[in-house]
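Structure first, then comments.
In my numbering, the protein residues as written are 1 to 278.
As structure tokens, this is what we get:
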């Protein structure tokens, strides 16, 4: 397992984390009291922790904070880096504080390592939101401030608003198929010590489609018998030192597989080959 400093923090997280967004059917069913496959999802997260993965991402929207709370029982809290996100309708200072307190309760923790704005809400003053987040950092309820689904210009705007703290990370859709439009943002983040959390790192499962096997087979000549998905994850952490992919932790087999191959770094020629072909 490779560990790297997460953005401008001194905390070293596993280069590959665990995402806990399942799908909107899961979300809708939870409002009816149906938590389909809850035990399997909890077991997947536990297996990831046991395998050395210490970066876990969730969100108010995902309805998985309580599953994480159960999964991390028995683990040392100070060795885990737990990130969650606030829903865009809860970005006013008062609503933000309520959401943070609710997430703390759901996660059964005294603090959240990374609290992120899930999406911008143009009807709520971003300055008020970020100043409230700075206050919450000072109060010890959260350690770092992150954003999600922000453009480069919006990220710079957020940086300019903060006075006492910094933007630690940004979460974006980034994978081997969806990369060119993110290049400027990732380069900027690298220059400014901002971590990039890559969601959909497997392109919604696109990497497993047979039509791409020949390209991954070419890379397997170098790395050995490694699944397509793990070559795709290795591409992300090999291409950029500040990118942390967060594939979905849905079952033990997938999570342990991700942990098993999490120390693979692709050669420059293999990176260029994949970029030319995909």
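Even glycine gets a Cβ: it sits at the ideal position worked out from N, Cα and C.
In this structure residue 8 is in contact with residue 166, their Cβ atoms being roughly 6 Å apart against a cut-off of 8 Å.
C-alpha of residue 103 to C-alpha of residue 145: approximately 15 Å in a straight line.
At least 7 Å separates the beta-carbon of residue 262 from that of residue 176.
Residue 148: member of the beta strand (DSSP E) spanning 142-148, first to last residue. Within the region 23-88, the runs of alpha helix (DSSP H) that reach at least 4 residues and sit entirely inside it are, in chain order, 24-30, 38-50 and 65-71.
Counting along the chain, the unbroken beta strand (DSSP E) around residue 245 starts and ends at 243-245. The C-beta separation of residue 106 from residue 42 comes to about 14 Å, leaving the pair out of contact by the 8 Å criterion. Residue 236 and residue 195 do not touch by the CB rule: their CB atoms are close to 13 Å apart, not below 8 Å. Distance from residue 119 to residue 148 at the Cβ level is roughly 7 Å; contact confirmed, criterion being Cβ atoms closer than 8 Å. Exclusion of the five residues before and after residue 264 leaves 223 and 234 as the residues of its chain whose Cβ lies within less than 6 Å of its Cβ.
Of all alpha-carbon atoms in 63, 229 and 190, the one lying nearest the alpha-carbon of residue 204 is that of 229.
Between residue 72 and the set 52, 253 and 248, the nearest pair of CA atoms involves 52. Looking at the backbone, the Cα of residue 267 and that of residue 30 are separated by about 44 Å. Taking residue 109 as reference, the option from 77, 251 and 273 with the minimal CA-CA separation is 77. Taking 7 Å as the cut-off, the beta carbon of residue 68 is found closer than this to the beta carbon of residue 56.
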